[in-house]
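First residue of the sequence shown? That's 156 in the numbering used here, and the numbers climb one at a time after it. Written out below as structure tokens is the structure these notes cover.
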Amino acid sequence: MAPTARLLDITRLSSRIGRVFTGVDRVELAYLKAIHADEVPDFAIARTALGYVLLNHEGIAAALSLIGAKKLPRPDFISRINRRLSHSAKIGQTILRRNAMKRCARRKLSAMLSDSLPAGFAYLNVGHSNLTEGMLSAIKEQADARVTVLLHDAIPLAFPEFQRLGTVETFAGKIRRVSRYADQVICVSQAGQADIRPHLKIAGRVPPMTYAHIGIDMPEKTSLPRDIPLDRPYFVTVGTIEPRKNHALLLDLWEQLDAPAPRLFVCGPRGWNNADVFRRLDNGVADVTEFAGLSDGALASLVAGARALLFPTRAEGFGLPPAEALSLGTPVLCSDLPVLKEILDQKAVYLDPTDVYQWKKEVLRLASVDGSPEEIDFAPPTWDAHFKIVFTMT
156 MAPTARLLDI TRLSSRIGRV FTGVDRVELA YLKAIHADEV PDFAIARTAL GYVLLNHEGI
216 AAALSLIGAK KLPRPDFISR INRRLSHSAK IGQTILRRNA MKRCARRKLS AMLSDSLPAG
276 FAYLNVGHSN LTEGMLSAIK EQADARVTVL LHDAIPLAFP EFQRLGTVET FAGKIRRVSR
336 YADQVICVSQ AGQADIRPHL KIAGRVPPMT YAHIGIDMPE KTSLPRDIPL DRPYFVTVGT
396 IEPRKNHALL LDLWEQLDAP APRLFVCGPR GWNNADVFRR LDNGVADVTE FAGLSDGALA
456 SLVAGARALL FPTRAEGFGL PPAEALSLGT PVLCSDLPVL KEILDQKAVY LDPTDVYQWK
516 KEVLRLASVD GSPEEIDFAP PTWDAHFKIV FTMT
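This is the structure in structure tokens:
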């Protein structure tokens with residue numbers, strides 16, 4: 156039965172306004188645009204430092220007009236005096252308060268939902284944020300309300316050695332609450348669904364599950380910063396510099412290359428638990444340059460001109476960077492993970508993420524290719540197909 160309304164949790168998205176969005180951020184933004192454009196009445200909710208903020212259709216429209224805008228509002232007084240908030244969160248919470256239909260303290264959440272939303276609404280959480288006991292129990296107190304959670308992966312539980320201190324326990328708590336409260340779990344890949352199911356079973360209950368590949372939205376390419384050296388063939392790797400992304404293998408590879416070597420551009424913010432890689436980047440590896448904070452358009456231009464995107468990840472929920480690279484016509488060398496083979500099919504070259512010799516051989520092969528690369532016939536997943544699946548259930 157179709158919901159009477161959809162309520163999207165945008166707690167994560169609202170805390171990252173003004174930053175370069177990650178893949179999860181972009182998924183939450185795609186959902187916000189989709190529920191706003193659909194004929195079912197749309198609402199959005201977010202947890203803030205002072206409680207909860209609820210937006211209706213008009214409030215969502217106002218918020219969407221500011222997300223990605225070049226000029227963002229100055230944080231209001233309430234945000235400015237809160238030293239625990241990041242600058243992005245201060246801006247996001249300011250936008251929410253200015254466009255809210257209602258606000259409430261946390262203890263009043265259930266009453267606000269009862270007063271504002273019709274019975275039978277669907278609550279969607281797609282950002283792994285605000286999956287709290289207070290939020291989920293308040294939703295389940297509403298008449299005929301249903302909870303749908305999109306889980307991107309179970310990497311924190313499957314690979315705890317790659318995580319920041321405390322994140323494994325936090326994620327395990329989220330899985331327990333999803334197991335208890337969710338009416339439907341959506342995964343972004345079939346491989347991811349297979350990985351997540353055992354953890355829900357351990358937590359006590361496996362809700363009905365399905366998967367729907369997330370869409371690939373390519374930004375318009377823009378000009379590159381002048382300090383990017385494009386004087387010879389180059390390769391690109393994209394992603395947060397964290398242990399599971401396996402940047403160490405690429406640094407090992409480039410240290411073995413003879414001059415003149417192709418360039419490697421490492422694009423993405425620095426993450427955690429990666430002191431050795433940070434040290435090597437700071438000390439300098441010949442022909443390796445680190446770039447953080449490139450705009451989506453500039454990054455698309457850089458990837459489009461690369462000999463290949465390199466993606467030696469040790470674990471992944473979906474794999475947006477290689478899918479985006481193929482969409483731009485750029486070859487991909489990536490780890491031989493089931494999820495990447497599911498998304499990229501036969502369009503990528505799959506390599507062992509522990510075998511630097513394999514990667515070196517393929518990098519040298521592509522670096523020596525003369526002329527234009529072969530055209531890549533890759534049909535990326537679409538948001539239309541994703542929401543055709545999701546909206547039949549929510």
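Where a beta carbon is used, it is the ideal one built from N, C-alpha and C, also for glycine.
| Which runs of the beta strand (DSSP E) spanning at least 3 residues fall entirely within the region 463 to 521, listed in chain order? | 464 to 466, 487 to 490, 504 to 506
| said: Buried or exposed, going by whether 16 or more other CB atoms sit within 10 Å of the CB of Met156? | reply: By 1-based counting over the sequence shown, the position of residue 156 is 1. Looking at its Cβ environment, which holds fewer than 16 other Cβ atoms inside 10 Å, Met156 is exposed.
| Continuous beta strand (DSSP E) stretch holding Glu445: start and end | The count along the sequence shown starts at 1 and reaches residue 445 at position 290. Segment 443 to 446, the beta strand (DSSP E) holding Glu445.
| query | Should the region 247 to 267 be called in touch with the region 204 to 224, which here means at least 3 C-beta pairs below 8 Å? | reply | yes
| Quick one: is Ser170 buried, meaning 16 or more other Cβ sit within 10 Å of its Cβ, or exposed? | The sequence position of residue 170 within the sequence shown is 15, counting from 1. Label assigned to Ser170: buried.
| said: Could you compute how far the alpha carbon of Ile357 sits from the alpha carbon of Leu385? | reply: Against the sequence shown, residue 357 aligns to sequence position 202. Against the sequence shown, residue 385 aligns to sequence position 230. Cα to Cα, the separation comes out at about 51 Å.
| field | Alpha-carbon to alpha-carbon, Arg469 and Leu481 | value | For this step, residue 481 is matched to residue 326 along the sequence shown. For this step, residue 469 is matched to residue 314 along the sequence shown. Taking the straight line from one Cα to the other gives about 20 Å.
| query | Do the CB positions of Val361 and Leu286 come within less than 8 Å of each other? | reply | Residue numbering aside, residue 361 sits at position 206 when the sequence shown is read from its first letter. Residue numbering aside, residue 286 sits at position 131 when the sequence shown is read from its first letter. No, these two residues do not count as a Cβ contact at 8 Å.
| Val182: which of Arg167, Asp193, Thr395 sits nearest, CA to CA? | Within the sequence shown, the letter at position 27 stands for residue 182. Nearest C-alpha to Val182: Arg167.
| query | Looking at the structure shown, is Asp197 part of a helix, part of a strand, or coil, going by DSSP? | reply | Your numbering for residue 197 matches position 42 in the sequence shown. Strand, per DSSP.
| said: Let me make sure I understand the geometry here. Which of Lys543, Ile498, Pro493, Glu194 has the alpha-carbon closest to that of Ala349? | reply: For the purposes of this step, residue 349 is identified with residue 194 of the sequence shown, where counting begins at 1. The residue with the shortest Cα to Cα distance from Ala349 is Pro493.
| For Asn285, does the three-state DSSP call read helix, strand or coil? | Taking the first residue of the sequence shown as position 1, residue 285 is located at position 130. Coil at Asn285, not helix or strand.
| request: Counting only runs of 4+ residues fully inside the region 254 to 325, write out the alpha helix (DSSP H) ranges in chain order. | output: 264 to 271, 288 to 295, 310 to 313
| query | Do Thr203 and Asp231 have their CB atoms nearer than 8 Å? | reply | Working through the sequence shown from its first residue, we reach residue 203 at position 48. Working through the sequence shown from its first residue, we reach residue 231 at position 76. Cβ atoms of Thr203 and Asp231: not closer than 8 Å.
| Excluding sequence positions up to five away, which residues of its chain have a Cβ less than 7 Å from the Cβ of Pro374? | Against the sequence shown, residue 374 aligns to sequence position 219. Taken in chain order, the residues that qualify are Asp451, Gly452, Ala455.
| query | Would you call Gln318 buried or exposed, if buried means 16 or more other Cβ atoms sit within 10 Å of its Cβ? | reply | The residue you call residue 318 lines up with position 163 of the sequence shown. Looking at its Cβ environment, which holds 16 or more other Cβ atoms inside 10 Å, Gln318 is buried.
| request: Please report how far the alpha carbon of Leu457 lies from the alpha carbon of Ser241, in whole angstroms. | output: Position 302 of the sequence shown, counted from the start, is the residue given in the question as residue 457. Position 86 of the sequence shown, counted from the start, is the residue given in the question as residue 241. The alpha-carbon atoms of Leu457 and Ser241 are separated by roughly 29 Å.
| request: Would you mind sorting Ala266 into buried or exposed? The rule is 16 or more other CB atoms within 10 Å of its CB. | output: Translated into the one-based positions of the sequence shown, residue 266 becomes position 111. By the neighbour-count rule (16 or more Cβ atoms within 10 Å), Ala266 is not buried but exposed.
| request: Could you spell out the range, first to last residue, of the beta strand (DSSP E) harbouring Ile172? | output: For the purposes of this step, residue 172 is taken as residue 17 along the sequence shown, with counting starting at 1. That residue, Ile172, is in no beta strand (DSSP E); it is neither H nor E in DSSP.
| said: Using DSSP's beta-bridge definition, name the partner residues of Val340. | reply: As a working mapping, residue 340 is identified with position 185 in the sequence shown. Beta-bridge pairing links Val340 to Val304, Met364.
| field | Neighbourhood of Lys376 by C-beta, 7 Å cutoff - its chain only, sequence neighbours within 5 removed | value | Sequence index remark: in the sequence shown, residue 376 carries index 221 (1-based). So the list reads Gly452, Ala455, Ser456, Ala459, once near-sequence residues are dropped.
| query | For Gly448, which option in Val393, Gly484, Pro477 has the closest C-alpha, if you only look at C-alpha atoms? | reply | Taking the first residue of the sequence shown as position 1, residue 448 is located at position 293. The candidate whose alpha carbon is nearest that of Gly448 is Val393.
| query | Alpha carbon to alpha carbon, how far is Ile172 from Ala414? | reply | Counting from one through the sequence shown, the residue named residue 172 turns up at place 17. Counting from one through the sequence shown, the residue named residue 414 turns up at place 259. Computed Cα separation, rounded: 42 Å.
| task | Kindly confirm or deny that the region 213 to 226 and the region 288 to 306 touch, where touching means at least three C-beta pairs closer than 8 Å. | result | no
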